[in-house]
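The sequence shown finishes on residue 1164 if you use UniProt numbering, and the numbering steps up by one all the way, no holes.
Beta carbons are placed, not taken as given, at the ideal position from N, Cα and C, and that holds for glycine.
Remember, it's a predicted structure, so these values are computed and weren't measured experimentally.
Working notes, structure below.
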Amino acid sequence: METTPLLTRPKKKSLWSRLQFWRFRKKLSSRIIYLGQLPDEEFPPNYVCNQKYNIITFLPLVLYEQFRFFLNLYFLVMALSQFIASIRIGYLYTYWGPLCFVLAVTLIREAVDDFRRHRRDKEVNRQRYERIVLDTPEDGYRPFITEQVPASKLRVGDIVMLHKGQRVPADMILLRTNETMGTVFIRTDQLDGEIDWKLRIPLPSIQKLPTDAHLLDINAQIFIESPVKDIHSFIGTCTRSDEEESDSLEIENTLWSGCVVASGQATGLVIYTGSETRSVMNNATPRSKVGRLDLQVNDLTKLLFVATMFTSILLIILKGFTGPWFGFLFRFVLLFSYIIPISLRVNLEMGKSFYSWTIQRDKKIEGTVMRSTTIPEELGRIQYLLADKTGTLTKNEMVFQKLHLGNALFDKDNFYEVEALLTQYVTNDAPSLPTSPTTSTSELLSASPRQVWQTVLAIALCHNVTPVYDVTETDEAQSDMSGSISYGGAVPQQQLCDYQASSPDEVALVKWTDMMGISLYRRDLHNISLKLRAANEIKQYSIKQIFPFTSESKMMGIIIQEENTREITYYVKGADVALSPLLDSQWHSVECKKLAADGLRTLVMAKKTLTEQEYEAFETEYKEARLSMTNRGERTAAALSKLQHGLTLLAVTGVEDRLAEDVPRTLGMLRTAGIKIWMLTGDKLETALCIARSLQLGGGAGWHCAAAERPCTSRHHAYLLLQQLTVAGDDMDLIIEGETLETCLRFYEEDFVEVLCRCSGVVVARCTPTQKARVARLLRARNYVVAAVGDGGNDVAMIQEADIGVGIEGAEGRAASLAGDVSVRQFAGLARLLLVHGRRSAMRSAALCLFIVHRGLIVSTMQFAGLARLLLVHGRRSAMRSAALCLFIVHRGLIVSTMQFAGLARLLLVHGRRSAMRSAALCLFIVHRGLIVSTMQFAGLARLLLVHGRRSAMRSAALCLFIVHRGLIVSTMQAVFSVVFYFSSVSLYPGFLMVGYGTLFTMLPVFSLVLDKDIPSTTALRYPQLYKQLTKGRQLSYKTFYIWTGISIYQGGVIMYGALVLFEDQLIHIVEISFTALILTELIMVALTVVTWHWLMIGAELFSLLTYIGTLLIFTTYFDADFIRHWDFWWKVIVITLVSCLPLYIVKYMHRKWSARQYKNIRK
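Here's what the structure looks like:
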C-alpha cells in the first residue's frame, strides 16, 4: 500500500467547496490513523472561532435581538410612522434620536466584544508548533525534520512536538516523552476547572522507541472512537505490525485541546481537530438569564401600551369618527407615546453597570467580580441559597485526623504512637510506648507493630500522588559523597516542591504517612519508591496495575509488587458503601458513622495478596477487556469484580475539611434576612449532618433524616416517606440522600418540592451535579429567586441553572468562578453583597423605573384631563382658544422655517444633543469595558447580598419608577391639552423641548438616584431582616406602579389646568408656564425621593436647573422673554409647582412619621 508522506501539504479547498456552507454536517464516526500518514477523509479544520457575527450577519442579528423586545419594536413603529406626512408630529429627530442612541450603544458594545473575541481567536490560531515532516528519502531511509506551523494548519494524523508551558492545540494521543519518569503532567484548569496537575502516560509500545526519529520507522495502526463530549473517558487501541500485543488507549493517554503541558516534552498524534475537539463540543451556551426587574418592566410596558391605546381610542370616540379618524387615532398614539419612555431601558442599563462597578470597588469584599452586569438587582431579592459544602462552606484544606484499625483508634493526640510502632517494626527494637493522655496503653498495644505497618504502608502506596522536585539533579556518586541515601540513577538534591494529585484527600494521606516516617520518595510510570526514615533506606515497589477513582465505582485501587520479596498485593480504598459488599468484616460501618458524626470524610482501606498465577489470570482477562471496543466498561468491571473477592479490611481513615472563615456568622445573617439555605453535597449523610449542625443550618427543631435506614427506591417507599414528612409539619430540618430525593421527585415531584419548601433547612447528601441543577430548576419553576454558590466543576450546572450564580475560586479550580454571574473570594462576603449592595440596587432600580414612568405620565395627563372644563366652558374662550391655536401653529411653522438662521438653535439641537449622546455612550462603554474581569471564595457573600444586592434591587426599582413617571406626566399633560382644544392631535411642546425633557433637563437628576442609600451598609449588615422586604418585590409591584400612575395623573392635571387658568389667553404662555412647572416638579420629586444626599446628586439638580434657565433666556423665539422676566411668570410657576408637589410631601412626611416605626428607628 502506498503511503502519503507527511511532507505532503493538505490540498486547499476549492472556492466552490468553501461556498457550500449549506451542506449537512458530516456524521461523527470512529477513525483509523496510520502513524506517519495523513488520512484520506476530510475532517474539520483546526480553526478556533468564538465570534458571534461576521461582516454580513452582524447588523441583521444585532437588530433582530434588539427588536425582539416590545419596547424597542414599539418605538421603531413610532419612528417609521413619522415618514408619513399626514400623521407626522414634530421633528423626525425627536423619535429617531433616542432610538438610534439606544441602538448605537448596543451596536458599539457588540462590535467591540466581537472584535475582542476575534483578536483572541487570531492569537490562538497563529500560535506556532513543531510538526514532524518527512525529508527526502535516501536509500530506503526515511529521515524527518520539524517545521513551524500555526495551530490552524494542523490536521488529523499530524505528529506534533509540545514543550513545557505550551497549550495543546488539538485533541491528541500522547505517543512518547523525553521525561526520565516516562510520564507527563498537564494542567487542565481551562478545560475542567481543576487546578491540580494531571498525570498522562505515553503509549508503552511507542515510548520504548529510542528517539522520535524512529516514529516513522514503524508501522502502527491506531483506532480512535468517534468524537464525544465526555472529557473523562476515551476508548481506542494501538497496534504495531511487529508486535503481537496491542495497547489499549484510555483517558490517561490523551492530551485534550486547551490543556497546558506542565512538565517535560511531549510528542503527540492529532486525532480530533476543530469542532470535534472535546473543548469545543463542551462549549455549550449557558442559559440566558433575565432579571425579575426586567420582566416586571416588560409587563409594565405592555400595561402602559394598553393605557396609550385606550386613551387614544377614548379621545377619538369623544371627537367623533369624522374625517380621517384613523389618522387622528395614530396621531394620538404618537402624542401619548411618552407614556412608554425609551429612556427607561437606557437608564436601567447604565444603572446596572454602575451597581456592578460599585460592587467591584467595595474594599470590604475585595476581589469580587460581576461577570454578568444585567442582573445586579437580583442580589436584593434572593429567597433560596443553594450552597455546596466542600470548598464553599469548608476550606477544602484536608487534614488527617483519625485512624481506626478495628481494635485501636489513633488521633492527632497520639499519632506519635503510630510512629513509635512503625519504628519498632522497621528496626526490630523493643517497644517503648509512652502512655497517651487520651488512650490507655493496653488499648494501644492491642494494635501490633505489624498491623500498623501494613496499614500505613497501604496508605503510602494506594494513591495517584506524584512528588514534584526542582530540576537540579546529581548522579549516584555525588549522592553518596554528600551523605544522602543512595539511589540508582539521578535523584533530586533540592527540597521537595509539592505533591501533585487530582484529589486533596490523597495529598493529606500522603503527607500524614510522611509525618509517620514513610515518605513518598519517587514515583514514575512503573515504580514507587518509599523512604523509611527510621531505617534510613529506600524500599522499591513496581506498579503492575492502577485502577483510578471514578464516580461510578467510588474506589481506587493499585496492584504492587515488592522488589525484594516479589510479593504481589492488591490495595484498594474507597467509600464505605462501595466496599461494604466486598468485605467479610463489617466493623468499619459503625466506625465510619462515628467518624462522620465528628465531621470527618472517611475512607476504607483494604488489601488482598495475590499469587503469580492469580495475577497472570487476572491480567489476561483485564487486558482483553481493555482492548475491546464494545462494552469496554462492563467487561473491565466484570474482571475487577473477580479480583475484589476476599479482601482483608485494614483500617478506616478520617480526614477533616475545615470550615471556611466566618461562615457560621454569615449563614446566621442570611437566615435572619429571610433567605432559606440548602446545602447540597456529595459527602455521606453523617458527615453532611455534622457539618450542618456545626454551621447551625437548621431552625433549631432538630434534624429529621429521611429514609435513614435504606434509600428510597420505589413508588411505595416514596409515598410512605411523603406521608411521613407531611405529618411532621412545617419548619422542620430535613436531611435526605440524593438517591432518595431522585426517587421521590420521579413519582411525586410537585408534592415533594412543596414539602421541601416548607422546611426550615434542607441538606441533600450524596448529591450528584445533575441533581443539584435539578433542585435549582425546580425552585425557579415555582417563581422563587434562587442563588447558587459553589467552587468546583461539579457545581457549574447548578450555578448556571440558578437565577444568580456565585462562584468561589478555591482549591478545586476556577470553573465555578468563571461560570458564575458573580465571583467572590470567600463565602463571608456574601452577606454584604446581598444585604447591602443587593438591597440598594433593587431599591434604586425600582425608584428609577417609577420616576421615569411618572415623568411620561404627567405630560400625557396635561394633554387629557381637561374634559370637565371643556364641557362646562364654551363660547368666547373656545373661540379665542381656536384662534390662538391657529396662530400658534402658524407661529411654530414660521419658527421652523427661520431656524436655519438661528445658530444657537443648531448648537443645542445638533451639537449639544450629539455631545450628550456621545458622552453617555462613552461612559457606558468605559464602565462596560471595566467589568469584564474575574474573582475567587465564600466569605464575602453576606456583604454581596445584604449590602450590594439590596442596594441594587432598590436602586433599579426606583430608577424604573421615576423613568415611567417622567413619561406618564408628560402624556397626561398632552391629554389635557388635546381635550381642552377640541381633541386636537397637535403636540403640546415643540420637538426640541421634548428631547431636552428626556435628556438635558431631567436625565442626570433621575439617574443620580443610583447613588442613593436608604441606610448605611453597616446597618444593613447589623439588621439583616431589612432584606426580607425586597424578596417580596414590593419596590416595583403593581400596587406601587398604580400609586405612581395616580401621582403622575394628579401632577400632570394640576400643571396643565393651572397653566390653562393662568395663561391669560396667550397660547405661548401655556408652554412657558406648564413646561417650567413640569421641570421644577421633576427636580423636586427627585429631591423628595432621595434619602441620603451625595454631592453628585446636588450637582445634577443644579446643572439641570441652570441648563433649563439658560434655554429660556437663549431661545427667545420659542419663549416670551419679557414675560419670563416678569414676576407674573414666576408666581404662577411657583403656585402650580407647590400645588403639584406639596400634598405629596405632606403625605410622605406623615407616612414616615407614623408608619414603619421599626424601620425608622433602625435608620436613626
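> Near residue 1222, which residues of its chain fall below 7 Å by C-beta distance, leaving aside the five closest residues on each side in sequence?
Replying inline: What is shown of the chain runs 1 to 1164, which leaves residue 1222 out entirely.
>> Within 10 Å of its beta-carbon, does Y64 have 16 or more other beta-carbons around it, so buried, or fewer, so exposed?
In response: Position 64 of the sequence shown, counting from 1, holds the residue named residue 64. Answer is exposed; the Cβ neighbour count stays below 16.
>> I need the DSSP call for R126, collapsed to helix, strand or coil.
In response: Taking the first residue of the sequence shown as position 1, residue 126 is located at position 126. DSSP places R126 in helix when its eight states are reduced to three.
>> Using the three-state DSSP reduction, which class does E614 fall into: helix, strand or coil?
In response: On the sequence shown, position 614 is the one that residue 614 refers to. Residue state, collapsed to three classes: helix.
>> Using DSSP's beta-bridge definition, name the partner residues of T267.
In response: For the purposes of this step, residue 267 is taken as the residue at position 267 of the sequence shown. T267 is bridged to M161, R176.
> Apart from the five residues on each side of it in sequence, which residues of its chain come closer than 8 Å, Cβ to Cβ, to G668?
Replying inline: Counted from its first residue, the sequence shown places residue 668 at position 668. Here the set comprises Q696.
> Taking the alpha helix (DSSP H) that D299 falls in, what are its first and last residues?
Replying inline: Position 299 of the sequence shown, counted from the first residue, corresponds to residue 299. Unbroken alpha helix (DSSP H) run through D299: 292–319.
> Going along the chain, which residues of its own chain have a beta-carbon closer than 6 Å to the beta-carbon of S841, five neighbours each way excluded?
Replying inline: What you label residue 841 is simply residue 841 of the sequence shown in a count that begins at 1. Closer than 6 Å at Cβ, skipping near neighbours: Y355, P376, E377, G380, R951, S952, A953, R955, S956.
> My guess is that S1017 and R832 are in contact by the Cβ rule of under 8 Å, so how many angstroms apart are they, rounded?
Replying inline: As a first step, residue 1017 must be located in the sequence shown, where it is residue number 1017. As a first step, residue 832 must be located in the sequence shown, where it is residue number 832. Going by Cβ atoms, the distance from S1017 to R832 rounds to 7 Å, so yes, they are a contact pair.
>> Would F1001 and I1079 be called neighbours here (beta carbons separated by less than 8 Å)?
In response: Numbered from 1 along the sequence shown, position 1001 holds the residue referred to as residue 1001. Numbered from 1 along the sequence shown, position 1079 holds the residue referred to as residue 1079. Against a cut-off of 8 Å, the Cβ pair of I1079 and F1001 comes out as a contact.
>> Tell me which residue opens and which closes the beta strand (DSSP E) that D1122 is part of.
In response: Within the sequence shown, the letter at position 1122 stands for residue 1122. Not the beta strand (DSSP E): D1122 falls in the alpha helix (DSSP H), residues 1121–1125.
> Contact between the stretch 740–759 and the stretch 658–665: three or more CB pairs below 8 Å?
Replying inline: no
> Ends of the beta strand (DSSP E) at E243?
Replying inline: Within the sequence shown, residue 243 is the residue found at index 243, counting from 1. Counted as a single uninterrupted DSSP element, the stretch harbouring E243 is not any beta strand (DSSP E), since DSSP gives it neither H nor E.
>> From the DSSP secondary-structure annotation, give me the bridge partner or partners of W678.
In response: Taking the sequence shown and counting its residues from 1, one reaches residue 678 at position 678. According to the DSSP secondary-structure assignment, W678 is paired through a beta bridge with L386, V762.
> Do the stretch 783–793 and the stretch 391–399 touch if we need at least three Cβ pairs shorter than 8 Å?
Replying inline: yes
>> Tell me the rounded alpha-carbon separation between V133 and E147.
In response: Here residue 133 is taken as the residue at index 133 of the sequence shown, counted from 1. Here residue 147 is taken as the residue at index 147 of the sequence shown, counted from 1. Their backbone Cα atoms lie some 7 Å apart in a straight line.
> Between which two residues does the beta strand (DSSP E) containing H588 stretch?
Replying inline: Reading the sequence shown from its first residue, position 588 is the one you call residue 588. Per DSSP, H588 belongs to no beta strand (DSSP E); it is in the alpha helix (DSSP H), 587–597.
> Does the Cβ of L530 have 16 or more other Cβ atoms within 10 Å, making it buried, or fewer, making it exposed?
Replying inline: The residue given as residue 530 occupies position 530 in the sequence shown. Buried.
> Looking at the C-beta of A787, does it have a partner C-beta in chain B at a distance below 8 Å?
Replying inline: In the structure shown, chain B does not exist; there is a single protein chain.
> Who does H704 pair with in a DSSP beta bridge?
Replying inline: Your numbering for residue 704 matches position 704 in the sequence shown. BP columns for H704 point to L734.
> Is it right to say I145 is buried, meaning 16 or more other beta carbons lie within 10 angstroms of its own, or is it exposed?
Replying inline: Along the sequence shown, one-based indexing puts residue 145 at 145. I145 is exposed by the Cβ-count criterion.
> Taking the C-alpha atoms as reference points, what is the distance between T423 and V824?
Replying inline: Mapped onto the sequence shown, residue 423 falls at position 423. Mapped onto the sequence shown, residue 824 falls at position 824. Roughly 47 Å between the two C-alpha positions.
> Using the C-alpha atoms, what's the distance from K594 back to H463?
Replying inline: The residue labelled residue 463 in the question sits at position 463 within the sequence shown. The residue labelled residue 594 in the question sits at position 594 within the sequence shown. If I take the Cα positions, the gap works out to 25 Å.
>> Mapping the DSSP letters down to three states, classify F223 as helix, strand or coil.
In response: Within the sequence shown, residue 223 is the residue found at index 223, counting from 1. If DSSP states are grouped into helix, strand and coil, F223 belongs with the strands.
> Are three or more beta carbon pairs between the stretch 497–515 and the stretch 151–168 nearer than 8 Å?
Replying inline: no
> Quick one: what's M843 bridged to in DSSP?
Replying inline: Sequence index remark: in the sequence shown, residue 843 carries index 843 (1-based). Bridge partners of M843: none, in fact.
> In three-state terms, what does DSSP make of E250?
Replying inline: Position 250 of the sequence shown, counted from the first residue, corresponds to residue 250. In the structure shown, E250 sits in coil (DSSP, three-state: anything other than H, G, I, E or B).
>> Along the chain, where does the beta strand (DSSP E) containing P467 start, and where does it finish?
In response: Here the question's residue 467 lines up with position 467 in the sequence shown. Taken as a continuous stretch (DSSP letters only), the beta strand (DSSP E) holding P467 covers 466–469.
>> Please tell me whether M556 and K544 are closer than 8 Å, where the distance is taken between their beta carbons.
In response: Locating residue 556 in the sequence shown gives position 556, where the first residue counts as 1. Locating residue 544 in the sequence shown gives position 544, where the first residue counts as 1. Going by beta carbons, M556 and K544 fall outside the 8 Å limit.
> How many angstroms separate the CA atom of V306 from the CA atom of C849?
Replying inline: In the sequence shown, residue 306 corresponds to position 306, counting from 1. In the sequence shown, residue 849 corresponds to position 849, counting from 1. So the two alpha carbons sit approximately 18 Å from each other.
>> Mapping the DSSP letters down to three states, classify L92 as helix, strand or coil.
In response: By one-based count along the sequence shown, residue 92 stands at place 92. Assigned with DSSP and collapsed to three states, L92 falls in coil, not helix or strand.
>> Which of the three DSSP states is assigned to I558 in this structure?
In response: Locating residue 558 in the sequence shown gives position 558, counting from the first residue. It is a strand residue.
>> Considering just the uninterrupted stretch of the alpha helix (DSSP H) at N72, what are its terminal residues?
In response: Position 72 of the sequence shown, counting from 1, holds the residue named residue 72. Its alpha helix (DSSP H) spans residues 70–81.
> Taking all protein chains shown into account, do 16 or more other C-beta atoms lie within 10 angstroms of the C-beta of Q724, making it buried, or fewer, making it exposed?
Replying inline: What you label residue 724 is simply residue 724 of the sequence shown in a count that begins at 1. By the 10 Å Cβ count, Q724 comes out exposed.
>> Check this for me: beta carbons of V655 and A508, under 8 Å apart or not?
In response: As a working note, residue 655 is residue 655 in the sequence shown. As a working note, residue 508 is residue 508 in the sequence shown. Yes, the pair counts as a contact, with Cβ atoms nearer than the cut-off.
> Can you tell which of R780, Y784, F1115 has the C-alpha that lies nearest to the C-alpha of E801?
Replying inline: To locate residue 801, count along the sequence shown from 1; it is residue 801. Ranking the options by Cα distance to E801, first place goes to R780.
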